[in-house]
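Here the structure comes first, spelled out in structure tokens, and everything after it is commentary.
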């Protein structure tokens, strides 16, 4: 453990940045933009430094390194405890990466209330990073809720025509789940307190992890956690807020929503639901596997018929995130590796797809697939990079999207060939909706709608290239060298599976 | 130290408060219409009383022959009431002055009411309790009708007065039954007389029922809440802010002294009623609040819902075994909630007050349109107060909710079910609180929008309320020792 509290530092950078922007004069838009970008880049650099100094072999405190702990509310044993393992680390870096990309991507589209926008984004970053770092359940909940408010504002203020409906729906869905989770967190803390007679450690993740709550409490608490995370992921049938939120959100909001916010749910399952409630996790795993399969198939089928580019990508997220929950809940090493890879890769690829949709929306103020056509001829660079991410999303081998889904397939097949076979169907649907969409948008003769735009329809600008290039590079790198990520997450994944004490990973499934 | 000086010391903050109220009257007579002087005297006197409360220290043995006590509970409650008074005096001029309403009388009336609340907080005798209650509510009726040329204000005041008097009478009737059964009005002796009682005799049950109905009126619990929306809507806005916090917290102080301290041995018999009332109160309050387009009515119904949340702490106390940690936590949660509620609710009403500083601004929620851009500071603090009322961290309202929910979970049984009902209600509440945020940030201001009244006392009041809301959310630990000591006082009774 180094002397510098680097995790707190990473959390403080965007927070201080937000405070600095709060005192800047409101009409200095460019100054505000560059300060925000600088702050986000600083956080990114710090997280890279964290990555560089991270040692996957180090065991640290219960598998966590860089742990910092300060008493916060001693009367209830609540502490400010942060720490990371490999899973947290990759998601922290993903968050800091996508934040600066989103801020850069907002330079041109956001001209109203730039100050509030940038403050919201940086506070959002604090909340997301906090969720990935928190090792105290109360602290985790606080960060979890902090995420909600800026996202509510980002969709509600800078969103599309139906933004108020979308943002309220987003908040209410999320809030119902998270408030029940609060009750569960308090109930587990009390269970610990009444068993040990002390509040010390009652909210401490590392203490509670091996505590072994009784079955009734596990079931109730797991269901509460499940609801909170399932809404966030979102799992079918809790997904209906997602398409609305995506369609109305500004481009950068969609990038962060798809790239990081959805990952909070998957991360919650891995970090909290499974280790804290192992018995209940096994009880409900078959149900969750079924829901995941439904999400995978349903998301893909519904994507086919979407007339709106953003809605299509949003529904495809439901399908892709189904792989994450499937991979987590088959309790198998490859599958869980695949789930985490899928979280990272989906963050990169879907984030990039939303950026691509943003590019065309910026020029046409329209996202209707039917009105597009022939973009490849007019804007070749754009069509190429859009095509690249489209293929990555379909799961072309060699690109990142393939690796995660493939590992989930392999792992699931070992547990349940039937489930793996059903999930494999999506390869077909995925190809259908993505390729068909791309064909309609990029190929064929130029549509009249686009012709009428004339010179407004320009190819990628420098800023757009700057936002898309790092994502493209990482998509390629992680596609060719998934070991870079796997090395980081292997230890924690093994620990989670060992903690489930399933022995035989397949024993709990009623069918194969 | 002799008995008399101890007694005087215990009463010093109360005496200071009454003296301040009288001084304001005198000052107002000497220099009529000098709002600054009257308000200044009121604030300074209240600050002196607050410093006394902090400095005097506490003692659990009653003074004045056993009718008043300055224990940690008294100190905490007094501090809440004084802060409520100070905040109300700071924000009131912005509303009263443009309407030609004098601040001097307002301040004096308010301080007399607060003195009544402070009598309740330390009362150790049922009659003193009732005396404090009446001293609290009578000036309240006057304040509700303070805008005497406004029909709504008068109507609200009359409704408030009629139902308030009835409920006081019912309450007094209940006290009489209790006295008849136990033969004493001293709280400690009542508790002694009830300890070890097997079953409740009919007379006492009657008394309990009457007392419950009486206080249910005062805290505006459903179905005894009907006076609230009209009284709140009609009253001048700063008065509404005060009415929604001062008398409510005072009524909870009454509950703590009466139901917890004096009638504590009967906690098991009351708990089911509390759970049912709490469920009804928060659910109905929230559901009706959704449909309101008038911000004052909306906040009135939301304050009914908050009564319900506070009762969750009371239910946890009742459902938990006597003297258990859960019982203590329940009371602690109720007290923490009261403090948090005082800051956030007065804060929210202060913003409404600032908005209505120019006469002619209605209380429709639409008058908040574009506030985030027109007045960034007011918009930001209003958002903070609304988030706190919703219960989103890191605000005082969040930790207050977490605390009452924790106690309910600890108490187990139906109290746990109540905890789940409470959080679902919090999600409902998010809908209408966030609607105001929608208006402030997501809708354009009308072309004829009037600027906010922007005086330094108003700003000071807003900043104090905002700091209280934020600090208690980030560092709730600073208040917990006080609430814990106060809760323990109540559980020491045999």
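Chains as they are written, first to last, in my numbering: chain A, 158 to 669; chain B, 57 to 550.
All residues carry an ideal CB built from backbone N, CA and C; glycine is no exception.
Because the structure is a prediction, the values reported are computed rather than measured.
- Unbroken alpha helix (DSSP H) runs of no fewer than 4 residues, entirely contained in the segment 470-550 of chain A, are found at 490-521, 532-535, following chain order.
- Assignment of residue 210/A by DSSP, reduced to helix, strand and coil, places it in the helix class.
- Within chain B, 443, 448 have C-beta atoms less than 8 angstroms from the C-beta of residue 306/A, given in sequence order.
- Non-local beta-carbon contacts of residue 172/B in its own chain, meaning distances under 6 angstroms to residues more than five positions away in sequence, involve 188, 191, 192 in chain order.
- Partner residues in the beta bridge of residue 241/A, as assigned by DSSP, are 222/A.
- For residue 231/A, the neighbours in chain B by C-beta distance under 8 angstroms run, in chain order, 533.
- The beta carbon of residue 316/A sits closer than 8 angstroms to the beta carbons of 323, 324, 405, 406, 407, 410 from its chain, once the five residues preceding and following it are set aside; these are given in chain order.
- At a cut-off of 8 angstroms between C-beta atoms, residue 302/A counts as an interface residue with respect to chain B.
- Per the C-alpha coordinates, the member of 175/B, 512/B, 527/B, 469/B positioned closest to residue 96/B is 512/B.
- A buried status is given to residue 73/B, since no fewer than 16 other beta-carbon atoms sit within 10 Å of its beta-carbon.
- Residues of the segment 528-561 of chain A with a C-beta less than 8 angstroms from any C-beta of chain B: none at all.
- Taking a contact as a CB-CB distance under 8 angstroms, the pair residue 434/B and residue 465/B does not count as one, their CB atoms being some 37 angstroms apart.
- Cβ neighbours of residue 368/B within its own chain (closer than 6 angstroms, five residues either side excluded): 334, 460, 464, 474, 478.
- Residue burial is scored here from C-beta neighbours: residue 110/B has fewer than 16 other C-beta atoms within 10 angstroms and is therefore classed as exposed.
- A straight line joining the alpha-carbon of residue 497/A with that of residue 391/A spans about 16 angstroms.
- At least one CB atom of chain B sits nearer than 8 angstroms to the CB of residue 347/A.
- In terms of Cβ geometry, residue 302/B and residue 410/B do not form a close pair [threshold 8 angstroms].
- Selection 362/A, 425/A, 438/A evaluated against residue 488/A yields 438/A as nearest (Cα-Cα).
- Interface with chain A (8 angstroms Cβ-Cβ cutoff): residue 479/B is included.
- DSSP lists 119/B, 179/B as the beta-bridge partner residues of residue 124/B.
- Separation of residue 370/B and residue 384/B (C-alpha to C-alpha, rounded to the nearest whole angstrom) is 10 angstroms.
- In the structure shown, residue 510/B adopts coil according to DSSP, grouped into three states.
- When DSSP states are grouped into helix, strand and coil, residue 77/B belongs to the helix group.
- Put simply, the backbone Cα of residue 318/B is about 26 angstroms away from that of residue 299/B.
- It is roughly 18 angstroms from the alpha-carbon of residue 358/B to the alpha-carbon of residue 521/B.
- DSSP places residue 424/B outside any alpha helix (DSSP H), giving it a letter other than H or E.
- Taking residue 525/B as the centre and dropping the five residues before and after it, the same chain places the C-beta of 396, 399, 400, 403, 440, 441, 444, 451, 452, 453 closer than 8 angstroms to its C-beta, in chain order.
- In the displayed model, residue 574/A falls within a helix according to three-state DSSP.
- With contacts defined as CB atoms closer than 8 angstroms, residue 288/B and residue 205/B fail to qualify as a contacting pair.
- With respect to the 8 angstroms criterion, residue 346/A and residue 533/B are not classified as neighbours on the basis of their beta carbons.
- By the neighbour-count criterion, in which 16 or more other beta carbons inside 10 Å mark a residue as buried, residue 254/B falls on the exposed side.
- Boundaries of the alpha helix (DSSP H) around residue 110/B: 91-112.
- For residue 175/A, none of the residues of chain B pass the 8 angstroms Cβ criterion, the least Cβ distance being about 12 angstroms.
- In this model, residue 338/B and residue 462/B are separated by some 17 angstroms (Cα to Cα).
- Residue 227/A is bridged by DSSP to 237/A.
- Taking C-alpha positions only, residue 525/A is separated from residue 545/A by approximately 21 angstroms.
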